[in-house]
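Just below is one structure, and these are the notes that go with it.
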Amino acid sequence: MNLNTTIAGINLQTPLVMASGTFGFGEDFARFDDFDDSAVGAISLKGTTLEPRLGNPPPRIAETPAGVLNAIGLQNPGVDAVVRHVLPRLEAGGLTTPLFANIAGETVEEYAEVARRFSTAPNIAALEVNISCPNVRHGGLAFGADPAEAARVVRAVRQATDLPVITKLSPNTGRLVEVAEACVDAGSDALSLINTLVGMVIDLRSRRPLLGNQTGGLSGPAIRPVAVAQVFRVYAALGHRLPIIGMGGVSDADGAFEIILAGGAAVGVGTALFFNHRAPREIADGLERHLADAGLSRLSDAVGAAHRQSRIGGGGP
Amino acid sequence: MDLSTHQPAGGTVYRISAPVIANRSLPGGHRRIRLRAPAIARTARPGQFVNISPPLATTLLRRPLGVHRTIDGQDIEILFQSVGKGTKALGAVGEGDEIDLIGPLGNGFDLAGEPPETAVLVAGGFGLAPLYPLAAALEGKVDRTYLFAGTEEDLPMETSDSSVHLSFVDPDIKATVPEFEAVGAQCRLASLRSRPSFHKGLVTELVEKLLDGPEPLGRTKLYACGPWGMLKKTAAIAAEHELDCDVLLEERMGCGVGACMSCSVMVYGDGGRPVYARACVEGPVFDAASVVWDAK
Ligand SMILES: Cc1cc2nc3c(=O)[nH]c(=O)nc-3n(C[C@H](O)[C@H](O)[C@H](O)COP(=O)(O)OP(=O)(O)OC[C@H]3O[C@@H](n4cnc5c(N)ncnc54)[C@H](O)[C@@H]3O)c2cc1C
Ligand SMILES: Cc1cc2nc3c(=O)[nH]c(=O)nc-3n(C[C@H](O)[C@H](O)[C@H](O)COP(=O)(O)O)c2cc1C
Ligand code: FES
Chain A
24 MNLNTTIAGI
34 NLQTPLVMAS
44 GTFGFGEDFA
54 RFDDFDDSAV
64 GAISLKGTTL
74 EPRLGNPPPR
84 IAETPAGVLN
94 AIGLQNPGVD
104 AVVRHVLPRL
114 EAGGLTTPLF
124 ANIAGETVEE
134 YAEVARRFST
144 APNIAALEVN
154 ISCPNVRHGG
164 LAFGADPAEA
174 ARVVRAVRQA
184 TDLPVITKLS
194 PNTGRLVEVA
204 EACVDAGSDA
214 LSLINTLVGM
224 VIDLRSRRPL
234 LGNQTGGLSG
244 PAIRPVAVAQ
254 VFRVYAALGH
264 RLPIIGMGGV
274 SDADGAFEII
284 LAGGAAVGVG
294 TALFFNHRAP
304 REIADGLERH
314 LADAGLSRLS
324 DAVGAAHRQS
334 RIGGGGP
Chain B
20 MDLSTHQPAG
30 GTVYRISAPV
40 IANRSLPGGH
50 RRIRLRAPAI
60 ARTARPGQFV
70 NISPPLATTL
80 LRRPLGVHRT
90 IDGQDIEILF
100 QSVGKGTKAL
110 GAVGEGDEID
120 LIGPLGNGFD
130 LAGEPPETAV
140 LVAGGFGLAP
150 LYPLAAALEG
160 KVDRTYLFAG
170 TEEDLPMETS
180 DSSVHLSFVD
190 PDIKATVPEF
200 EAVGAQCRLA
210 SLRSRPSFHK
220 GLVTELVEKL
230 LDGPEPLGRT
240 KLYACGPWGM
250 LKKTAAIAAE
260 HELDCDVLLE
270 ERMGCGVGAC
280 MSCSVMVYGD
290 GGRPVYARAC
300 VEGPVFDAAS
310 VVWDAK
C-alpha cells in the first residue's frame, strides 16, 4: 500500500518524520544493526542555532508517569559546523531521506541568518522553524506564544530562504490557532505541532526541582491526547490552506492513525525511539493495516477524516 | 576531545530479546542476573553497558546497567541494585522470561594503548561491578593490579579475609573480594564505620597508602567508579601524583545511542573550553583530567 505523502512539495516515502532532538543529526540510530530507513519519511535534525550552544546543566532528563521531561537547552554545534561537517558526511554516506533543518534563535535576525546558512547546503529539504522550545531563556517560546512575534520570525525566515518553511508550534499557549494563522499569513508552507509541554519534577530526596533547568518539556505517550486535540483544532482552522505534521506521544500505529485522522498529513515520532528504535517500521506496517481496514487506498484520504465523519448514526456515544 | 561536529561514534548496537538464564539475590538486596545475549556477549568491552527495558513495560525509558561479565560469548551477567521502579521490576523476573535490551553501549575502558605496569582500581559501593571485567582484561597485561573498594553496605560481590600480606596496610586490614583475587588483583576494603578487617576511613586513603608506600609500582594508572565525591577525590590524587586516571560516570539517559543530548557531562574540550560530552558515547569512561569536577 502507498504511504507516500507530500509536505510542502517534498515527497516522503512514509508519513513518519523523526522528531527534532530525538534523532540527533540523523546518524546515531544507524548504529542499530537493523535500523530500517525505508520506514522513515523525513528526519528533522536537532535544533540548531547560529553559534554553538552548550545547553543546560544536567540532569537534563526525568521520567514521569507515561512521559519524559527534558531540558536539553538546545545543545548544538552551531549552524556552520552542521553545514560544513555533518551535512556533507550525511551526503557522502548516501542518505537520501529528506532532511529538515530545525532552526532556533534568540532574535529574529538570528533565525534569518541560520536559515540563510542552511539554505546553502545541498541536502536540506526544508527549514523547520522552532518557535516553541520551552527550555531556553531567550527566544523559543517567547516567539511561539505571541502571534505577532511568531509572524515576525516566519517572515524573516521566509525572506532569507527559497526552501519550504515549516513552523513548529508550541502547545504552551492559549492562542494556538491565532499563532498558527499568523505563521501561515507570514508565509509558512507547513506547520508542525506539538512541541513539548512545560512541566516539572521535584526530587523527593533533595526536595528540589530535579532538572538542572528546573522546568522541562514533557513528551511521550502522556501528551498524545493533547497533540491529537491540537492537531484537530489547527486542521479545522487551517487544514484547507497547508499541511500539518502532527506529533506528540506517538509510539504505535494506533496513535499515528489518530494524528492522521485529526489532520496530520505526516506524523512525528520522537520519544518512542528512545525505547523502540523499530517504532518507524512497526508504525508504517500498522498504518497500512489501518488504511486497508478503512477501505482507503491512499493515506491522503485519511488525513483529517475525523472532521468529516458524521456523528449521527455513527454509533458512538 | 573535539565535540564541535557532533561526531557519530560507537560501534554496532544490537537489540535482543534476551532469555533470563538466572536471577539470583545477593547480600544487601543486590542481584546478579544472567541473560542470553550472544551478539552483546561477543562484542562488549569492559566498561560498556546495556540499556534494559524493565519487564511488562513498567517504565518508559530503558535503564543503563553495566556489563559485569561475559560468559562463553553467549551470556552477559549484570550486577544491580534495586533502587527504584525499573530495577525493582528487573529483580522480579525469573528463568524463562525475556528481557528487551540494547547494547553494547558507550566507549568502555581504553585497553588498546600500552598498558600500565600497575593498575589501581578504585570502587565506591556498586562501582565495584563494572571494574570486575576491567580487572579480568588487565590480567596478564599489567604487572600488578590493586582493587580498593569503599562501602557502607554489603557489596554486590562476596567478601572474605585475604591470606596475602600487603606491606602498605596494617596486617589486620585484610578484607578482600575473592573474585577479584581470582583474576590477579590484590584487594582491600574500606568503610567509614568500624567493620572487622576493613580500613576505617575513605577508600581513597588506601590509594594514598599504596602510592606513598614502599611497593615498587612503575608506570601506574588509576581506574575509578563510584559516587561523584569519591571520583573527584581520586582524580585529585591522580593529578597530584601525575598519574593517568579513568573514571566511569553515571548520568541519566534518554536514547543511549548519542542522539538526544540527555546524558551530558561537562568536560574540557579543545583549547580547554568547557563543553558537554555524551556519557553514552564519549563516555561513560572519561579521562579524569578532562572532567570539570566543579560542574556538579
Ligand atoms: C553507564 C551506567 C552504568 C550503570 N551500571 C550499573 C550497574 O552495573 N548496576 C547498577 O545497579 N546500576 C548501574 N547504573 C545505575 C542504574 O542505571 C540506575 O540505578 C537505574 O537506572 C535506576 O533505575 P530505577 O528505575 O530503579 O530507579 P528510578 O529512580 O525510579 O529511576 C528514575 C530515572 O532515573 C534514572 N536513574 C536513576 N538513578 C540513576 C543512576 N545512578 N544513573 C543513571 N540513571 C539513573 C533511571 O534510569 C530512570 O530514568 C548504571 C548507570 C549508568 C549510567
Ligand atoms: C530530548 C528531546 C529533545 C528535543 N529537542 C527538540 C529540538 O531541538 N527542536 C524541536 O523543535 N523540538 C525538540 N523536541 C521536541 C520533539 O521534536 C517533539 O516535538 C516532542 O517531543 C513531542 O513528540 P514525542 O512525544 O513523539 O517525543 C525534543 C524532544 C525531546 C524529548
Ligand atoms: S542518552 Fe541520548 S545522547 Fe546519551
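Just so you know, the protein sequences line up as chains A and B, in that order. Residues in the first sequence are numbered from 24 upward in steps of one, following the numbering used here. Residues in the second sequence are numbered from 20 upward in steps of one, following the numbering used here. Think of the CB as a built atom: it goes at the ideal place given N, C-alpha and C, for glycine as much as any other residue.
Could you tell me whether any Cβ in chain B is nearer than 9 Å to the Cβ of residue i?
{"i": "residue 69 (chain A)", "result": "yes"}
{"i": "residue 93 (chain A)", "result": "yes"}
{"i": "residue 301 (chain A)", "result": "yes"}
{"i": "residue 86 (chain A)", "result": "yes"}
{"i": "residue 90 (chain A)", "result": "yes"}
{"i": "residue 81 (chain A)", "result": "yes"}
{"i": "residue 19 (chain A)", "result": "This structure cannot speak to residue 19 (chain A), because chain A is shown only from 24 to 340."}
{"i": "residue 46 (chain A)", "result": "yes"}
{"i": "residue 54 (chain A)", "result": "yes"}
{"i": "residue 237 (chain A)", "result": "no"}
{"i": "residue 78 (chain A)", "result": "yes"}
{"i": "residue 243 (chain A)", "result": "yes"}
Indicate whether at least one CB of chain A lies closer than 9 Å to the CB of residue i.
{"i": "residue 293 (chain B)", "result": "yes"}
{"i": "residue 85 (chain B)", "result": "no"}
{"i": "residue 286 (chain B)", "result": "no"}
{"i": "residue 154 (chain B)", "result": "no"}
{"i": "residue 249 (chain B)", "result": "no"}
{"i": "residue 274 (chain B)", "result": "yes"}
{"i": "residue 33 (chain B)", "result": "yes"}
{"i": "residue 278 (chain B)", "result": "yes"}
{"i": "residue 182 (chain B)", "result": "no"}
{"i": "residue 78 (chain B)", "result": "yes"}
{"i": "residue 81 (chain B)", "result": "yes"}
{"i": "residue 314 (chain B)", "result": "yes"}
{"i": "residue 169 (chain B)", "result": "no"}
{"i": "residue 309 (chain B)", "result": "no"}
Can the beta-carbon of residue i be found less than 9 Å from the beta-carbon of residue j?
{"i": "residue 108 (chain B)", "j": "residue 77 (chain B)", "result": "yes"}
{"i": "residue 186 (chain B)", "j": "residue 234 (chain B)", "result": "yes"}
{"i": "residue 243 (chain B)", "j": "residue 308 (chain B)", "result": "no"}
{"i": "residue 141 (chain A)", "j": "residue 190 (chain A)", "result": "no"}
{"i": "residue 187 (chain A)", "j": "residue 31 (chain A)", "result": "yes"}
{"i": "residue 313 (chain A)", "j": "residue 260 (chain A)", "result": "no"}
{"i": "residue 296 (chain A)", "j": "residue 249 (chain A)", "result": "no"}
{"i": "residue 144 (chain A)", "j": "residue 245 (chain A)", "result": "no"}
{"i": "residue 271 (chain B)", "j": "residue 281 (chain B)", "result": "yes"}
{"i": "residue 305 (chain B)", "j": "residue 276 (chain B)", "result": "no"}
{"i": "residue 209 (chain B)", "j": "residue 169 (chain B)", "result": "yes"}
{"i": "residue 240 (chain A)", "j": "residue 222 (chain A)", "result": "yes"}
Using C-beta distances below 7 Å, list every residue in its chain close to residue i, excluding the 5 sequence neighbours before and after it, in chain order.
{"i": "residue 318 (chain A)", "result": "none"}
{"i": "residue 312 (chain B)", "result": "251 and 254"}
{"i": "residue 12 (chain A)", "result": "Since the displayed chain A opens at 24 and closes at 340, residue 12 (chain A) lies outside it and no answer follows."}
{"i": "residue 57 (chain B)", "result": "92 and 93"}
Can you round the beta-carbon distance between residue i and residue j to whole angstroms, since I take them to be within the 8 Å contact cut?
{"i": "residue 63 (chain B)", "j": "residue 122 (chain B)", "result": "7 Å"}
{"i": "residue 207 (chain B)", "j": "residue 188 (chain B)", "result": "6 Å"}
{"i": "residue 68 (chain A)", "j": "residue 43 (chain A)", "result": "7 Å"}
{"i": "residue 130 (chain A)", "j": "residue 293 (chain A)", "result": "Not a contact, Cβ separation roughly 27 Å."}
{"i": "residue 70 (chain A)", "j": "residue 99 (chain A)", "result": "6 Å"}
{"i": "residue 79 (chain A)", "j": "residue 94 (chain A)", "result": "5 Å"}
Within its chain, find whatever has a CB closer than 8 Å to the CB of residue i; leave out the 5 residues flanking it on each side and keep chain order.
{"i": "residue 101 (chain B)", "result": "48, 49, 50, 107, 109 and 110"}
{"i": "residue 21 (chain B)", "result": "With a pLDDT of 48 at residue 21 (chain B), under the threshold of 50, the modelled position of that residue is not reliable, and no figure is offered here."}
{"i": "residue 160 (chain B)", "result": "130 and 134"}
{"i": "residue 33 (chain A)", "result": "65, 121, 148, 149 and 187"}
{"i": "residue 212 (chain B)", "result": "171 and 219"}
Who are the Cβ neighbours of residue i in its own chain at under 6 Å, not counting the five residues just before and after it?
{"i": "residue 148 (chain B)", "result": "85, 87, 98 and 175"}
{"i": "residue 43 (chain B)", "result": "51"}
{"i": "residue 153 (chain A)", "result": "70, 125, 127 and 191"}
{"i": "residue 213 (chain A)", "result": "30, 31, 189, 265 and 266"}
{"i": "residue 29 (chain B)", "result": "300"}
{"i": "residue 150 (chain B)", "result": "140, 142 and 244"}
Scan the stretch 174-231 of chain A and note each continuous beta strand (DSSP E) run of 3 residues or more that stays entirely inside, going in chain order.
-> 188-191, 213-216 and 220-223
Enumerate, from N- to C-terminal direction, the unbroken alpha helix (DSSP H) stretches of 4 or more residues contained entirely within the stretch 36-109 of chain A.
-> none
In the stretch 158-244 of chain B, which residue ranges form an unbroken alpha helix (DSSP H) of at least 4 residues, counting only runs that do not cross its ends?
-> 197-201 and 222-231
Which runs of the beta strand (DSSP E) spanning at least 3 residues fall entirely within the stretch 88-114 of chain B, listed in chain order?
-> 88-90 and 94-100
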